[in-house]
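Numbering (our numbering), first residue to last: -13 to 47.
Yeah, the Cβ is synthetic: ideal placement off N, Cα and C, and Gly gets one too.
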């Protein structure tokens, strides 16, 4: 009985550790896969640079 319990515990530990070490796979493989996004977070949009929105975004020193 003790051997079966230890074997079950070892099998569970092995199963959980093997799931944690596998790399997540995507549904579609992208050859140009990059870790950054395509959205330009550090650039202002057109509505922020021109028109009424530009007045609100001027830096005051």
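Kindly indicate which three-state DSSP category residue 14 falls into: helix, strand or coil? What you label residue 14 is simply residue 28 of the chain shown in a count that begins at 1. DSSP places residue 14 in coil when its eight states are reduced to three.
Cα separation between residue -6 and residue 0? Looking up residue -6 in the chain shown gives position 8. Looking up residue 0 in the chain shown gives position 14. Spanning the two alpha carbons is a distance of roughly 10 Å.
Separation of residue 16 from residue 34, as counted between CA atoms: By one-based count along the chain shown, residue 34 stands at place 48. By one-based count along the chain shown, residue 16 stands at place 30. Going from the Cα of residue 34 to the Cα of residue 16 covers about 33 Å.
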